[in-house]
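Trainee: Handing you a structure now.
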Amino acid sequence: SQKIEQNSEALNIQEGKTATLTCNYTNYSPAYLQWYRQDPGRGPVFLLLIRENEKEKRKERLKVTFDTTLKQSLFHITASQPADSATYLCAAVNTNAGKSTFGDGTTLTVKP
Amino acid sequence: NAGVMQNPRHLVRRRGQEARLRCSPMKGHSHVYWYRQLPEEGLKFMVYLQKENIIDESGMPKERFSAEFPKEGPSILRIQQVVRGDSAAYFCASSPPTSGYYEQYFGPGTRLTVT
Chain B
4 SQKIEQNSEA LNIQEGKTAT LTCNYTNYSP AYLQWYRQDP GRGPVFLLLI RENEKEKRKE
64 RLKVTFDTTL KQSLFHITAS QPADSATYLC AAVNTNAGKS TFGDGTTLTV KP
Chain X
98 NAGVMQNPRH LVRRRGQEAR LRCSPMKGHS HVYWYRQLPE EGLKFMVYLQ KENIIDESGM
158 PKERFSAEFP KEGPSILRIQ QVVRGDSAAY FCASSPPTSG YYEQYFGPGT RLTVT
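For the protein sequence lines, the chains are B and X, in the order given.
When you line the first sequence up against our numbering, it's residues 4 to 115, in that order.
When you line the second sequence up against our numbering, it's residues 98 to 212, in that order.
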């Protein structure tokens with residue numbers, strides 16, 4: 004069955020460092036990968052989308068890569084800040100099926 | 098421009114009662130999605146609707162759950178005869194006609210507790 008796995012439940016890093024989160028997919032050929040941020044008690048907030056024919060996408064301190072050979076997306080936050088502490092969700096969209104399939108999320112804690 | 102609105106934010110029901118969750122999409126958005134998030138788990142797709150049409154309900158449990166998005170008014174997720182396992186956060190998302198599933202805007206969620 005189609006699976007989206009985010010392989011770290013929790014990630015702790017020091018302020019100023021780069022946080023790297025991983026999203027792997029199996030039995031799947033998503034046309035798009037999305038990344039969302041979710042704070043406790045709130046709905047997810049859309050951050051970035053990357054298409055299968057794009058290798059990399061950037062937005063301010065955020066960078067996303069999409070490697071269709073490795074079946075993996077990496078999400079980077081550079082110069083991390085305590086305010087970046089949240090759960091980050093990866094989601095895959097297969098245009099044929101239409102729905103987003105979400106991973107379970109990685110909880111990032113940035114320590115001052 | 099108000100975001101996606103969901104109400105109620107918190108809902109407590111006894112086993113066997115009905116739960117009705119409402120979602121008003123962002124202005125101009127005609128696509129609505131419902132997701133369920135169990136404690137310590139990720140979001141699970143339930144249903145995708147456009148006005149007066151169910152496009153994809155592959156994530157909906159076969160019994161007790163139904164969803165609608167009428168021509169006028171909010172989208173409704175209805176759970177009949179609730180059980181304890183239905184306790185979860187239910188999120189609604191919407192997207193504009195041109196963007197489809199690619200950029201979804203989520204509401205704050207309805208936290209359902211079944212006692």
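Using N, Cα and C, we set each Cβ at its ideal position, and we do this for glycine too.
1. For A186 (chain X) and Q147 (chain X), which I take to be in contact (beta-carbon distance under 8 Å), what is that distance rounded to the nearest angstrom?
2. According to DSSP, what are the bridge partners of Q147 (chain X)?
3. Tell me the residue span of the beta strand (DSSP E) that contains T110 (chain B).
4. Please list, in chain order, all residues of the same chain as L52 (chain B) whose beta carbon is under 6 Å from its beta carbon, the five residues on each side excluded.
5. Against chain B, does Y202 (chain X) count as a neighbour if the rule is that its beta carbon must be under 8 Å from one of theirs?
6. Tell me which residues of the region 139-153 of chain X have at least one Cβ-Cβ distance to chain B shorter than 8 Å, keeping chain order.
7. How would you list, in chain order, the residues of chain B whose beta-carbon sits under 8 Å from the beta-carbon of P136 (chain X)?
8. Whole angstroms are fine: how far does the CA of T212 (chain X) sit from the CA of Y130 (chain X)?
9. Check whether chain B comes within 8 Å of P122 (chain X), counting only Cβ atoms and requiring the distance to be less than that.
10. Does DSSP put R181 (chain X) in a helix, a strand or coil?
11. Looking at chain B, is there any beta carbon in it that lies within less than 8 Å of the beta carbon of G125 (chain X)?
12. Tell me which residue opens and which closes the beta strand (DSSP E) that N104 (chain X) is part of.
13. Roughly how many angstroms lie between the CA atoms of I7 (chain B) and L77 (chain B), to the nearest whole one?
14. Can you check which of these residues, X:F142, X:T210, X:Q201 and X:L209, is closest to V101 (chain X) by C-alpha distance?
15. How far does the beta strand (DSSP E) with Y39 (chain B) in it reach, from first residue to last?
16. Have a look at X:R111, X:A99, X:L118 and X:G182 and flag the residue whose alpha-carbon is nearest the alpha-carbon of F188 (chain X).
17. Excluding the 5 residues flanking R208 (chain X) on each side, which residues of the same chain have their C-beta closer than 6 Å to its C-beta?
18. Within the chosen definition, does the region 13-24 of chain B reach the region 100-115 of chain B through at least 3 CB pairs nearer than 8 Å?
19. Give the DSSP-derived three-state secondary structure of A116 (chain B) in the structure shown.
20. Please report the distance separating the alpha-carbon of R40 (chain B) from that of L73 (chain B).
21. Counting only Cβ pairs nearer than 7 Å, list the residues of chain B close to F188 (chain X).
22. May I ask you to list the residues that DSSP assigns as paired with D70 (chain B)?
23. Under 8 Å between beta-carbons, which chain X residues line up against L92 (chain B)? List them in chain order, please.
Mentor: Per the coordinate set shown:
1. Not a contact, Cβ separation roughly 24 Å.
2. X:H128 and X:N150
3. T109 to K114
4. Y35 and Q37
5. yes
6. G139, L140, K141, F142, Y145, I152 and D153
7. Residues of chain B passing the Cβ test: none, with the nearest at roughly 12 Å.
8. 26 Å
9. no
10. helix
11. no
12. M102 to N104
13. 13 Å
14. X:Q201
15. Y35 to Q41
16. X:L118
17. H107 and A186
18. yes
19. Here chain B has residues from 4 to 115 only, and residue 116 (chain B) is not among them.
20. 24 Å
21. G46
22. B:Q75
23. G139 and L140
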